Amino acid sequence: MVEKVKLALNYALMLEMMKAKGFNNPTIVALLNEGNEEILESIGEGIPSWKTMLDFYHNNKTQFHQALRKGYEITFLTKGALKSLLSIKFEMKEGEDFVDTGEFLNQVKITGENLQALQEIISKNWTIVSLEVDSEHDIHLLKIELTFKPLFTI
Numbered sequence: 001m002v003e004k005v006k007l008a009l010n011y012a013l014m015l016e017m018m019k020a021k022g023f024n025n026p027t028i029v030a031l032l033n034e035g036n037e038e039i040l041e042s043i044g045e046g047i048p049s050w051k052t053m054l055d056f057y058h059n060n061k062t063q064f065h066q067a068l069r070k071g072y073e074i075t076f077l078t079k080g081a082l083k084s085l086l087s088i089k090f091e092m093k094e095g096e097d098f099v100d101t102g103e104f105l106n107q108v109k110i111t112g113e114n115l116q117a118l119q120e121i122i123s124k125n126w127t128i129v130s131l132e133v134d135s136e137h138d139i140h141l142l143k144i145e146l147t148f149k150p151l152f153t154i
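Per the working numbering, the very first residue in the sequence shown carries number 1; after that it's consecutive.
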């Protein structure tokens, strides 16, 4: 089994933004090869600079193409970044599709297909816990918590 390409969060989010705008893999590659930062920034909803993505792509083309073809795993996610990923990739909204308890995300409602996609890319510092499954409507209710919870002693 080939190990998945590991992508830093910013590259994964930029890639998911392009996919969310309807760009397929050949179009994404063409955009990155062309390197037109103005077009990329119009995709990028608040991403300050696409230059880092272009540099990454041009310096790691084999790795990037493998990530497009076979999928990727995000190297590390903060809770805020996890919420951004849920929003960008799955169009989920906080308060509607999940609840941020402060420590973890709870009551995450997701389809089976999206759950599988999330399991494939989520970084290992998060664990997905199944709470309930509605097989009839293909909705999974989850808790997403830190894999290793910090121990604070005062």
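Glycine residues also receive a C-beta, built at the ideal position from the N, C-alpha and C atoms.
Owing to the predicted nature of the structure, the values given are computational and were not obtained by experimental measurement.
Given residue i as reference, the closest of the options once Cα atoms are compared
i, options, result
"D134", "K79, T111, L118, Q116", "T111"
"E3", "L32, E136, Q63", "Q63"
"L86", "H65, A117, K149", "A117"
"K79", "E96, N60, T101, D138", "T101"
"L131", "K149, N106, E94, Q66", "N106"
Residue j beta carbon less than 8 Å from that of residue i
i, j, result
"N169", "T147", "Outside the displayed span of the chain (1 to 154) sits residue 169, for which this structure offers no information."
"V99", "L142", "no"
"I121", "G71", "yes"
"L54", "L32", "yes"
CB-CB length for residue i against residue j, believed under 8 Å
i, j, result
"L82", "I144", "7 Å"
"L13", "S123", "At roughly 13 Å, the Cβ-Cβ gap does not stay under 8 Å, so L13 and S123 are not in contact."
"E16", "K89", "5 Å"
DSSP bridge partner residues for residue i (one or two, in chain order)
i, result
"T111", "I139"
"T127", "E145"
"D100", "L105"
"V133", "H140"
"E94", "F98"
Heavy atom of the ligand NAD within 7 Å of residue i beta-carbon
i, result
"S87", "By its list of ligands, the structure shown contains no ligand whatsoever, and the ligand NAD lies outside what it can speak to."
Taking 8 Å as the cut-off, does the region 16–25 touch the region 37–44 (at least 3 CB pairs, one atom from each stretch)? yes
Stretch-stretch touch, CB-based, cutoff 8 Å, three pairs: the region 66–76 with the region 1–13: yes
Are three or more beta carbon pairs between the region 47–63 and the region 28–39 nearer than 8 Å? yes
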